[in-house]
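> Pasting a structure here, questions to come.
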Amino acid sequence: MRASSSPSLSTRSPLSVLRWLVLAVLASLLSACGYNDFQAKDEAVKAAWGEVINQYQRRADLIPNLVNTVKGYASHERETLEAVTRARAAATSIQVSPETLNDPEAFKRFQQAQGELSGALSRLLAVSENYPQLKADASFRDLQSQLEGTENRITVARQRYIAAVQQYNVLARSFPTNLTAMIFKYPVKPSFTVENEKAISTPPAVKF
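Using UniProt numbering, the first residue of the sequence shown is number 1, and each one after it goes up by one.
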């Protein structure tokens with residue numbers, strides 16, 4: 001009884017050998033055309049975007065307590081308080097996901113809503129300067145400190161996202177990797193606008 005053995009390359013059918021050769025060539029072509037780079041940079045963009053979302057959500061979570069604390073000392077600043085509440089509701093009502101990065105209009109709505117919330121917060125913090133008792137409140141000071149830290153983290157997260165998108169988009173727009181982008185559906189991704197960048201360099205002022 002003869003022991004069975006797997007067929008060597010020389011005993012395989014020509015069709016089988018050809019199939020392996022085609023796969024090897026395709027793998028080389030994909031690597032040469034930047035497919036692996038696209039996967040890595042796409043994941044980097046998604047990770048950076050996730051951090052942006054996390055920091056914006058952290059800011060949104062701080063706002064209800066901030067509004068309630070201010071209301072305790074400056075209840076007649078109704079218009080300013082309601083503006084912050086409305087802006088927060090608008091910002092948190094926008095559904096965001098990794099797919100948002102492939103939808104420029106959805107991305108624009110998101111950054112516009114966050115920009116409006118930043119403006120409303122700036123006005124609220126400016127109003128608080130008129131109330132010494134509010135500024136002396138321990139809870140308010142703690143919320144201010146948390147907000148300041150969150151605003152700084154938002155700035156860093158956005159800058160990292162911008163850098164990741166820039167690297168990805170260079171790949172998506174350059175030849176021959178732009179052909180790979182078209183074939184495998186790696187579209188150019190949106191980033192924060194120039195006007196919006198002015199806002200991240202001057203986050204809401206938090207004074208003590």
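Backbone N, C-alpha and C fix where the C-beta goes; we use that ideal spot for every residue, glycine too.
Who are the near neighbours of L191 in its chain, counting only those whose CB is closer than 6 Å to its CB and skipping five residues on each side?
Checking the sequence, you will find Ser at residue 191 rather than Leu. Hits under 6 Å: I162, V165.
> Just verifying my parser: in three-state terms, what is the DSSP assignment at K189?
K189 falls in the coil class under three-state DSSP.
> Can you tell which of P98, V188, T85 has its C-alpha closest to the C-alpha of D61?
Each of P98, V188, T85 was checked against the Cα of D61, and the nearest Cα belongs to T85.
> Whole angstroms is fine: what's the gap from P203's alpha carbon to L124's?
Residue placement at P203 is poorly supported in this model, since its pLDDT is 46, which falls under 50; the coordinates still yield a value, given next. Going by the C-alpha atoms only, they are around 13 Å apart.
> Does the separation of the CB atoms of L134 and T69 fall below 9 Å?
yes
> Measuring alpha carbon to alpha carbon, tell me which residue in N152, V127, L143, E116 is nearest R78.
V127
> So what does DSSP say about A74, is it helix, strand or coil?
coil
> Check this for me: beta carbons of D37 and L179, under 9 Å apart or not?
no
> Can you tell me the Cα-Cα spacing of P98 and P132, whole angstroms?
In a straight line, the C-alpha of P98 is about 44 Å away from that of P132.
> For Q167, which residues of its own chain have a beta-carbon under 6 Å away from its beta-carbon, when the five flanking residues on both sides are left out?
The residues are K41.
> Nearest-angstrom Cα distance between Y186 and A91?
The C-alpha of Y186 lies about 27 Å from the C-alpha of A91.
> For I63, does the three-state DSSP call read helix, strand or coil?
helix
> Please classify N169: is it buried, with 16 or more other beta-carbons within 10 angstroms of its beta-carbon, or exposed?
Counting other Cβ atoms within 10 Å of its Cβ, N169 reaches 16 or more and is therefore classed as buried.
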